[in-house]
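Q:
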Amino acid sequence: MYRTGQEAPPLACLRKGVTLDSTVFLANLEPIHGEEATMSWVPQPVIELIDTALVTEMTVARKDGRPMTYPLIPLWDGERVLMTSSILFSRKCEHVKDNPRVALSFSDPVALRGLHGRATVQGDATVIDGDPHTDWERVLPLWSAKEPVILAFLKARVAFPLFFERSVISVEPRRVFYWPDGDTSRDPQVFRAAAPAERAA
Amino acid sequence: MFAAEEGLRRLADFPFALLSWVGGDGYPNSAAIQPSIDAAGGRVTFGPPAGFEVPLGLEISLTGSHIRPLPGIGYDQRRHVTVWGHAGRVKDDRLSFVPTAAWGWDEATIPFPEYVERQVGQSRRYLARLSTERGRTVRPQLSLGWLTLRATRLPFLSATFIPVLIGIAIAAVHGFFDLTSAILTVVGAAAVHLGLNVANDVFDAQLGADDQNVNPTQYSGGSRVIQYGLVSLRRMATISAVMYAVALGIGLVLLLTRYSPALLIIGVLGILLSIFYTAPPLKLVYRGLGELTTAVGFGPLMLLGAYVVQTQGLITPEAVVASLPIAILVAMILYVNEVPDRSADARAGKRTLPVRWSRPTVINAYLGSVALAFLIIGGGVLAGLLPIPALAALLAIPLAMRVYEGLQQNYESPYGLMAVMAVNIRLHLVVGALLLAAYLLVIVVSWLALDLPLFVPWR
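And the structure:
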């Protein structure tokens, strides 16, 4: 799990404006949830959707019950779906802090780069924002794999200082609805996380 | 947020929609559907996804979302829209609702930088909440170097260095040069400029002009360090005061060592103009006098100030004429930079010339002004007041034409104007550097005792 108070490694090469060698500094970043990743119960085709998707639509429930849907880049760390959000667009984080139950939809064949399956992942979300300046940097290896240009933007951090003050939303999947052919007029396959007692056993 | 009808119209452009609702177990849920959208009638009907009970009577939403993947880069063409309403059942198990609210973003209509600016208030609220949760103040951060660069707008110092160095060079051509006072002049003038830049942010924040601006660029809209919470208003005011104190101290030293009434008048006038550029009660830039103030301050005052420090009070027509094209071109930097700010400036009561004038007038006035600057250079050479090599500055005319054309093409696009503003700043820099080079050539030729005619002979 995420260790509070843990210092993120400094991105010295970025801060000094030196040419970025992404392979060097990304390799030095620690995973945001540590390294004890275990085999996920989430079915492999759904993991493939999460891994491939450039965008997921995260739906949260506002205090008055209104569903609020936000597009975010989903990153799969082996157990959870991680997403980062700038403090500029942090209302979603406020909603998650008020009610951590979320749904992530993987539905757009364009964002899924040709995959035709669809899935909705329900889960419990945690907002990681101990230090909005550096905590999120630990998901850079996953983020830059999907959006390589972000490393160039990061070098110009001075131009968008608030954009790079970010939170990480970490979603632990609880239930998955999966439509192998993307046709939601048919019943989905449903997968659930084991209950805590089952996991302990 | 925008009108529900508009949201429905936008939703109709997406190939499918994402139906979202909150289930009985408290978890949100969502699934892709193919809705039938009657944008004119303001109604959506759809078949619910198989296997789910979509709640009737509770608020549900439909979302359209699109990006275009760019392999190896990321994506673009981001747009999304969500409409909300309460579902009711119609025939054949189909559901229907009339949208009551909508929200979304399309980067084709609101560019990402503007979208970011519109969200600055949310970032403040979130950091305030984080501060409460943590029991300590949580602020955005930038390294000290970047913060200094941004808060003081350091790169704009070229507008000071050009006239001051030309003033010193002309004095040297006229036989006056003192290295210590020259260095003090450069440092003092830079301190006034940095003090002005920071004071400008302080007063614009207090008067609301920078808060209103959702289209800042790297050349316009202020440093925004106050709006972003990177530096407090009080700290910026302190930085400005320190800069002015440094300038005042250097000014006093120069007065004591190089005393002349002209230097006293120029120094006092320069500091007053820089303070009252944005400061009440004069607020010169708010009254359409910012361009003129900038021209006077960064043209004659800077150049003649540097000149009289060296000559200990002498003012010559050569120095006055040399200051005029610089004055015009530096005023044009501000003038063009005000074009993307004009809506926010108008809302804040900042009546700059681009706020007061029509688009054709603004563009034509630019052309007339830069033409006048080049005519003064040509005329100054013909009159024997400027050295013949100063004609090299006319090589910068194509830059001026690029700005003119860029203004015509990008007048309504703040981000399209960024490149135009950059060329305009380069125009001032190139003309200034070529004028300076002309005087340096005169100095070198004179030093080498070469018999070259570098001024038109009837001088």
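Read top to bottom, the protein sequences are chains A and B. Heads up: the first sequence begins at 16 in the working numbering, then just goes up one per residue. Heads up: the second sequence begins at 75 in the working numbering, then just goes up one per residue. Where a beta carbon is used, it is the ideal one built from N, C-alpha and C, also for glycine. No experiment lies behind these values; they were computed from the predicted model shown.
(1) Could you tell me whether the Cβ atoms of Pro89 of chain A and Thr71 of chain A are closer together than 8 Å?
(2) Where DSSP assigns a beta bridge to Ile147 of chain B, which residues make up the other side?
(3) Could you name the residues of the region 73-92 of chain A whose beta carbon sits closer than 7 Å to any beta carbon of chain B, in the order they occur along the chain?
(4) What residues from chain B crowd round Thr199 of chain A, counting only those whose CB sits closer than 8 Å?
(5) If we cut at 8 Å on Cβ distances, does Leu491 of chain B have a partner in chain A?
(6) Whose C-alpha, out of B:Val260, B:Tyr302, B:Asp285, B:Phe372, is nearest the C-alpha of Val320 of chain B?
(7) Are any of the Cβ atoms in chain B nearer than 8 Å to that of Ala209 of chain A?
(8) When the cut-off is 8 Å and only beta carbons count, does Phe206 of chain A lie next to chain D?
(9) Establish whether the CB of Pro414 of chain B and some CB of chain A are separated by less than 8 Å.
(10) Roughly how far, in whole angstroms, is the beta-carbon of Leu469 of chain B from the beta-carbon of Leu403 of chain B, given that I think they are within contact range, below 8 Å?
(11) Any chance you could list the alpha helix (DSSP H) runs of at least 4 consecutive residues sitting entirely within the region 468-513 of chain B, in chain order?
(12) May I have a chain-ordered list of the beta strand (DSSP E) segments no shorter than 3 residues that lie completely inside the region 225-253 of chain B?
(13) Straight-line CA distance for Leu491 of chain B to Ser294 of chain B?
(14) Beta-carbon within less than 7 Å of Asn114 of chain A's beta-carbon, same chain only, minus the 5 sequence neighbours each way: which residues are those?
(15) Alpha carbon to alpha carbon, how far is Thr137 of chain B from Val136 of chain A? Give it in angstroms, no decimals.
(16) Return helix, strand or coil for Asp525 of chain B, following the three-state DSSP convention.
(17) How would you list, in chain order, the residues of chain A whose beta-carbon sits under 7 Å from the beta-carbon of Ile147 of chain B?
(18) Can you list, in chain order, the residues of its chain whose CB lies under 6 Å from that of Gly121 of chain B, leaving out five sequence neighbours each side?
(19) Name the DSSP beta bridge partners of Arg163 of chain B, please?
(20) Rank A:Tyr85, A:Val125, A:Ile62 by C-alpha distance to the C-alpha of Leu144 of chain B and give the top, closest one.
(21) Please say whether Val530 of chain B and Ile462 of chain B have beta carbons closer to each other than 8 Å?
(22) Where DSSP assigns a beta bridge to Trp91 of chain A, which residues make up the other side?
(23) Among residues of its own chain, excluding the 5 on either side of Thr367 of chain B, which ones have a beta-carbon nearer than 6 Å to its beta-carbon?
(24) Looking at chain A, is there any beta carbon in it that lies within less than 8 Å of the beta carbon of Ile134 of chain B?
(25) Name, please, each residue of chain B whose Cβ falls closer than 8 Å to the Cβ of Gln137 of chain A.
(26) Along the region 168-199 of chain B, where does the CB come closer than 7 Å to a CB of chain A? Name the residues.
A: This is what the structure gives:
(1) yes
(2) The partner list for Ile147 of chain B (beta bridge, DSSP) is empty, contrary to what the question assumes.
(3) Thr74, Val75, Ala76, Gly80, Arg81, Pro82, Thr84, Pro86
(4) Ala105, Ala106, Ile107, Pro123, Ala124
(5) no
(6) B:Val260
(7) no
(8) Annotation note: the requested chain D is absent from the structure, which comprises protein chains A and B.
(9) no
(10) Not confirmed; about 14 Å, so no contact.
(11) 471-484
(12) none
(13) 10 Å
(14) Val75, Ala76
(15) 17 Å
(16) coil
(17) Pro163, Val164
(18) Arg168
(19) B:Leu169
(20) A:Val125
(21) yes
(22) A:Val96
(23) Leu347, Tyr351, Leu358
(24) yes
(25) Tyr101, Pro102, Asn103
(26) Val190, Gln193, Val194, Gln196, Ser197
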